[in-house]
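Asker:
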Amino acid sequence: MQKLKTMDADTLLYQPLEKPCFVVDGLIPTGLILFCGSQKIGKSWLMLKLCLCVSQGLSFWDMPTQKSDVLYLCLEDTFYRIQDRLFKLTDEASGRLHFAVASCKLSDGLMGQLEEYLQAYPDSRLIVIDTLQKVRTASKDNAYANDYGDISLIKAFADKHSLAVVVVHHIRKQNDSDVFNQVSGTTGLTGSADATFVLEKETRASDTAKLFCVGRDIEYQEFTLRFRECSWELVERKGQQQLAEETVPPVLFRLVSFLRDKQYWSGTATELLAHME
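Quick note on numbering that gives the first Met the number 0: the sequence shown kicks off at 0 and runs consecutively.
1) Could you check the C-alpha separation between Gly-187 and Tyr-147 for me, to the nearest Å?
2) Please say whether Trp-44 and Ser-230 have beta carbons closer to each other than 9 Å?
3) Would Tyr-85 and Leu-117 qualify as a contact pair, given that the criterion is a beta-carbon distance under 9 Å?
4) Between which two residues does the alpha helix (DSSP H) holding Gly-190 run?
5) In chain order, which beta strand (DSSP E) runs of at least 3 residues are fully inside the region 122-192?
6) Alpha carbons only, please: which of Ser-58, Thr-202, Asp-149, Ala-92 is nearest the one belonging to Ile-27?
7) Would Phe-51 be called buried (16 or more neighbouring beta carbons within 10 Å of its own) or exposed?
8) Could you check what DSSP says for Thr-29 in three-state terms: helix, strand or coil?
9) Locate the alpha helix (DSSP H) running through Ala-8, then write down its first and last residues.
10) Put Thr-269 into one of helix, strand or coil per three-state DSSP.
11) In the DSSP assignment, find the unbroken alpha helix (DSSP H) run with Ser-230 in it and report its ends.
12) Three or more C-beta pairs under 8 Å: does that hold for the region 80-100 against the region 134-154?
13) If distances are taken between C-alpha atoms only, which option among Thr-10, Phe-179, Ile-217 comes closest to Ser-37?
14) How many whole angstroms separate the CB atoms of Gly-22 and Gln-65, which I take to be in contact at a CB cut-off of 8 Å?
15) When DSSP labels each residue in this structure, what does Leu-96 get in the three-state scheme?
16) Which whole-angstrom value is the C-beta distance of Cys-20 and Thr-195, which I expect to be below 8 Å?
17) Just the C-alpha distance for Arg-135 and Gln-181, rounded to the nearest angstrom, thanks.
18) From which residue to which residue does the beta strand (DSSP E) around Gly-214 run?
19) Just reading off the alpha helix (DSSP H) that Arg-289 is part of, what are its end residues?
20) Can you tell me which of the three DSSP states Leu-117 falls into?
21) DSSP state of Cys-50, grouped into three classes?
22) Return the residue from the list Glu-199, Val-165, Leu-210 that minimises the CA-CA distance to Asp-193.
23) Taking only three categories from DSSP, how would you classify Asp-107?
24) In the structure shown, what three-state DSSP assignment does Ala-194 receive?
25) Roughly how many angstroms separate the alpha carbons of Asp-76 and Val-255, rounded to a whole number?
26) Distance, Cα to Cα, Gln-112 vs Ala-99?
27) Candidates Ser-265, Ser-151, Thr-130: which alpha carbon is nearest Lys-42's?
28) Using the Cβ count rule (16 or more neighbours within 10 Å means buried), how would you classify Lys-154?
29) Report yes if the C-beta distance between Glu-199 and Ala-208 is below 9 Å; otherwise report no.
As structure tokens, then:
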């Protein structure tokens with residue numbers, strides 16, 4: 000039996016440790032990212048845009064990227080469809096972006112294929128698997144254990160090589176006040192992932208969508224996006240602090256501003272409101 004490796008708190012406080020690296024600054028750290036959305040909502044268009052930006056070192060929605068080789072497993076597409084999308088998105092693609100339309104499953108060789116790819120392209124920092132279901136093997140055993148095991152296998156690979164693996168997945172049809180509860184499958188998926196993103200439209204015909212992002216190494220944030228000319232464009236980005244402030248009634252901000260430089264004030268509520276105007 001292997002001995003349990005431990006570190007005491009005092010040593011940990013003074014131990015120099017490497018911070019998580021980001022493929023997209025502030026958004027996509029190294030590790031496993033679960034990217035979810037309804038079918039035919041535009042997930043693949045967004046993933047292709049991401050891959051193009053990283054492979055060319057271009058900003059992604061005004062966020063710097065780490066230029067590197069990129070592997071995009073488009074397992075629900077054909078090379079013709081990928082080519083058609085590239086024509087619509089760019090006039091000049093990068094030789095550092097690599098595509099595959101078929102792969103082994105997790106149970107019969109996918110991780111070995113990814114290891115071989117990294118041997119050929121060791122500077123890769125981003126791999127996209129589109130979709131998770133295409134690399135899984137159907138099983139009637141414990142659903143939670145299967146979900147957790149599959150994602151943990153991919154996460155271990157990402158951690159081992161210090162790269163980001165984005166796994167595309169679907170959401171359930173039923174509504175939930177917490178969008179992350181809509182992710183198809185058990186909590187074994189979201190629980191094992193380092194970050195979970197959910198792309199959601201109010202209606203399928205709408206050209207706008209919200210991207211909700213939560214993770215261990217990123218702050219909670221929401222993006223408002225618009226789909227124009229086959230590309231998801233950024234309309235607005237809100238971080239956790241801004242979103243929290245929006246839940247506070249404006250009158251409380253006026254009250255804080257009014258009392259900030261006052262050591263003492265007395266009066267009725269009506270008088271207070273009048274002074275705050």
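Built from N, CA and C at the ideal position, the CB exists for glycine as well.
Answerer: With the given structure in hand:
1) Within the sequence shown, numbered from 1, the residue matching residue 187 stands at position 188. Within the sequence shown, numbered from 1, the residue matching residue 147 stands at position 148. Distance between the alpha carbons of Gly-187 and Tyr-147: 4 Å.
2) For the purposes of this step, residue 230 is taken as the residue at position 231 of the sequence shown. For the purposes of this step, residue 44 is taken as the residue at position 45 of the sequence shown. Closer than 9 Å, so yes.
3) Indexing the sequence shown from 1 puts residue 85 at position 86. Indexing the sequence shown from 1 puts residue 117 at position 118. Note that residue 85 is Leu in the sequence shown, not Tyr. No, the Cβ-Cβ distance between Leu-85 and Leu-117 is not below 9 Å.
4) For the purposes of this step, residue 190 is identified with residue 191 of the sequence shown, where counting begins at 1. Segment 186-191, the alpha helix (DSSP H) holding Gly-190.
5) Fully enclosed beta strand (DSSP E) runs of 3 or longer: 123-129, 163-169.
6) For the purposes of this step, residue 27 is taken as residue 28 along the sequence shown, with counting starting at 1. Per the Cα distances, Ser-58.
7) Taking the first residue of the sequence shown as 1, we reach residue 51 at position 52. Checking the displayed sequence, the identity of residue 51 turns out to be Leu instead of Phe. With 16 or more other Cβ atoms within 10 Å, it is buried.
8) Start at 1 with the first residue of the sequence shown, and residue 29 comes out as number 30. For Thr-29, the three-state secondary structure derived from DSSP is coil.
9) What you label residue 8 is simply residue 9 of the sequence shown in a count that begins at 1. Note, Ala-8: alpha helix (DSSP H), 8-13.
10) As a first step, residue 269 is located in the sequence shown; it is residue number 270 there, counting from the start. In this structure, DSSP gives Thr-269 a helical state, which the three-state scheme calls helix.
11) Within the sequence shown, residue 230 is the residue found at index 231, counting from 1. That residue, Ser-230, is in no alpha helix (DSSP H); its beta strand (DSSP E) goes 230-238.
12) The count of Cβ pairs closer than 8 Å, one atom from the region 80-100 and one from the region 134-154, stays below three, leaving the stretches out of contact.
13) As a position in the sequence shown, residue 37 is number 38, starting the count at 1. Ranking the options by Cα distance to Ser-37, first place goes to Phe-179.
14) The sequence position of residue 22 within the sequence shown is 23, counting from 1. The sequence position of residue 65 within the sequence shown is 66, counting from 1. Going by the sequence as given, residue 22 is Val instead of Gly. At roughly 5 Å, the Cβ-Cβ gap stays under 8 Å, so Val-22 and Gln-65 are in contact.
15) Start at 1 with the first residue of the sequence shown, and residue 96 comes out as number 97. If DSSP states are grouped into helix, strand and coil, Leu-96 belongs with the strands.
16) For this step, residue 20 is matched to residue 21 along the sequence shown. For this step, residue 195 is matched to residue 196 along the sequence shown. Not quite, the Cβ-Cβ distance comes to about 19 Å (not below 8 Å), so this is no contact.
17) Along the sequence shown, one-based indexing puts residue 135 at 136. Along the sequence shown, one-based indexing puts residue 181 at 182. In a straight line, the C-alpha of Arg-135 is about 20 Å away from that of Gln-181.
18) Counted from its first residue, the sequence shown places residue 214 at position 215. Its beta strand (DSSP E) spans residues 207-214.
19) The first residue shown for the chain is 0 and the last is 276, placing residue 289 beyond what the model contains.
20) Taking the sequence shown and counting its residues from 1, the one referred to as residue 117 is at position 118. In the displayed model, Leu-117 falls within a helix according to three-state DSSP.
21) Residue numbering aside, residue 50 sits at position 51 when the sequence shown is read from its first letter. Looking at Cys-50 - three-state DSSP - the assignment turns out to be helix.
22) The sequence position of residue 193 within the sequence shown is 194, counting from 1. Comparing alpha carbon positions, the residue from Glu-199, Val-165, Leu-210 closest to Asp-193 is Val-165.
23) In the sequence shown, counting from the first residue as 1, residue 107 sits at position 108. Assignment of Asp-107 by DSSP, reduced to helix, strand and coil, places it in the coil class.
24) Walking along the sequence shown from the start, residue 194 turns up at place 195. Strand.
25) Within the sequence shown, the letter at position 77 stands for residue 76. Within the sequence shown, the letter at position 256 stands for residue 255. Using only the alpha carbons, I get a separation of about 55 Å.
26) Residue mapping note: residue 112 aligns to position 113 of the sequence shown, counting from 1. Residue mapping note: residue 99 aligns to position 100 of the sequence shown, counting from 1. In a straight line, the C-alpha of Gln-112 is about 11 Å away from that of Ala-99.
27) Within the sequence shown, the letter at position 43 stands for residue 42. The option with the nearest alpha carbon to Lys-42 is Thr-130.
28) Here residue 154 is taken as the residue at index 155 of the sequence shown, counted from 1. By the neighbour-count rule (16 or more Cβ atoms within 10 Å), Lys-154 is buried.
29) Counting from 1 along the sequence shown, the entry for residue 199 is found at position 200. Counting from 1 along the sequence shown, the entry for residue 208 is found at position 209. Contact annotation: Glu-199 and Ala-208 have beta-carbon atoms nearer than 9 Å.
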